[in-house]
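Residue 132 in this note's numbering sits at position 132 of the sequence shown, with consecutive numbering throughout.
Note that CB positions come from ideal geometry on N, CA and C, so glycine has one too.
Since this is a predicted model, take the numbers as computed values, not measurements.
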Amino acid sequence: MRLLYSKPSPYSSKVRMAAHLCDLKLDLVSTNTADEGAELTRTNPIGKIPALILDDGSTLYDSRVICDYLDRLAGNPIIPQAPDAWAATKRVEALADGMTEAAMAALYEKRYRPEPMWYEPWMDKQWRRAHRALDALEQEVAALPEAPNLAHLAVSCDLAWVQLRFPEELDGRHPALAAWLERFFDRHPDLAALKPQA
Ligand SMILES: N[C@@H](CCC(=O)N[C@@H](CS)C(=O)NCC(=O)O)C(=O)O
């Protein structure tokens with residue numbers, strides 16, 4: 001299987017960590033979404049990464065679908081199947097990924113629009129969303145089980161991306177989450193090696 005990915009992408013890191021814990025090998029294809037290249041748009045018409053090309057040539061996206069698929073292939077090592085535990089895991093994944101989505105929207109506003117067109121009220125709304133999600137994550141990480149599952153992967157990738165792009169948000173505003181992240185990566189150096197990087 002080939003994964004279209006980039007090193008800083010938190011959702012790509014989550015998929016790579018999932019594949020690692022599922023003991024599945026992915027061939028990595030470094031992909032710049034700004035190019036809107038043919039392989040990317042053929043694989044995922046939405047033009048986003050991560051996107052997966054299976055051995056038979058069929059394709060899968062987005063990161064949540066890919067992680068669910070890898071987990072099923074491997075016999076569910078990272079997603080608990082009992083309804084309550086499944087719901088808790090997927091909720092935390094949605095919360096962490098949604099936090100990143102909001103912060104990324106604010107980042108893209110400045111990256112892709114000329115400065116006179118930046119719309120502050122819209123960016124402020126994204127940050128209110130991200131801040132509420134970070135506050136909620138402080139409670140959620142305290143309740144995570146010991147053994148890493150998909151929720152740990154999503155939270156660690158999303159927080160590591162925030163630390164990369166907006167370090168003051170984590171180390172300044174959410175030191176408990178920064179401490180959780182450091183502890184998690186200390187305990188799991190194999191996962192730390194796959195975290196989002198510049
Ligand atoms: N919901 C998607 C989000 C994917 C996403 O936003 N990927 C970013 C990189 S981390 C991307 O491709 N951005 C390029 C763009 O929006 O044009 C997922 O979970 O895979």
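Using only the heavy atoms of ligand 1, determine whether one of them is closer than 7 Å to the beta carbon of Gly47.
-> yes
For Pro50, is the beta carbon positioned less than 7 Å from some heavy atom of ligand 1?
-> For Pro50, the distance from the CB to the nearest heavy atom of ligand 1 is below 7 Å.
Compute the Euclidean distance between the alpha carbons of Ser9 and Asp71, then round it to the nearest angstrom.
-> 20 Å
Ile66: first and last residue of the uninterrupted alpha helix (DSSP H) it sits in | Ser63 to Leu73
If we ignore side chains and look at the alpha-carbon of each, how far apart do Met99 and Glu109 end up?
-> Taking the straight line from one Cα to the other gives about 16 Å.
Distance cut-off 7 Å: Arg165 Cβ against heavy atoms of ligand 1 | If you check the C-beta of Arg165 against ligand 1, you find no heavy atom less than 7 Å away.
Taking the C-alpha atoms as reference points, what is the distance between Ala19 and Arg173?
-> 32 Å
Based on the DSSP secondary-structure assignment, which residues constitute the bridge partners of Ala51?
-> Leu4
For Thr31, the three-state DSSP class (helix, strand or coil) | coil
Kindly indicate which three-state DSSP category Leu191 falls into: helix, strand or coil?
-> helix
Would you please state the rounded distance, in angstroms, between the beta carbons of Asp97 and Tyr11? I believe it to be under 8 Å.
-> 7 Å
When Pro116, Asn32, Pro114 and Glu120 are compared against Ala106, the one with the closest alpha-carbon = Checked all of Pro116, Asn32, Pro114 and Glu120; the closest Cα to Ala106 is Glu120.
Enclosing alpha helix (DSSP H) for Gln81 [first to last residue] | It is not in any alpha helix (DSSP H) - Gln81 carries neither H nor E in the DSSP assignment.
Give the DSSP-derived three-state secondary structure of Leu60 in the structure shown.
-> strand
DSSP state of Glu115, grouped into three classes?
-> helix
Mind checking whether Leu52 and Leu60 have CB atoms under 8 Å apart?
-> Against a cut-off of 8 Å, the Cβ pair of Leu60 and Leu52 comes out as a contact.
Name the two residues that bound the continuous alpha helix (DSSP H) containing His174.
-> Neither: His174 is in no alpha helix (DSSP H) and is coded neither H nor E.
Among the residues of its own chain, which have a CB less than 8 Å from the CB of Leu263, if the five just before and after it don't count?
-> Past the edges of the chain, shown from 1 to 198, lies residue 263, and the structure says nothing about it.
May I ask you to report which of helix, strand or coil DSSP gives Phe166?
-> In this structure, Phe166 counts as coil in the three-state DSSP scheme.
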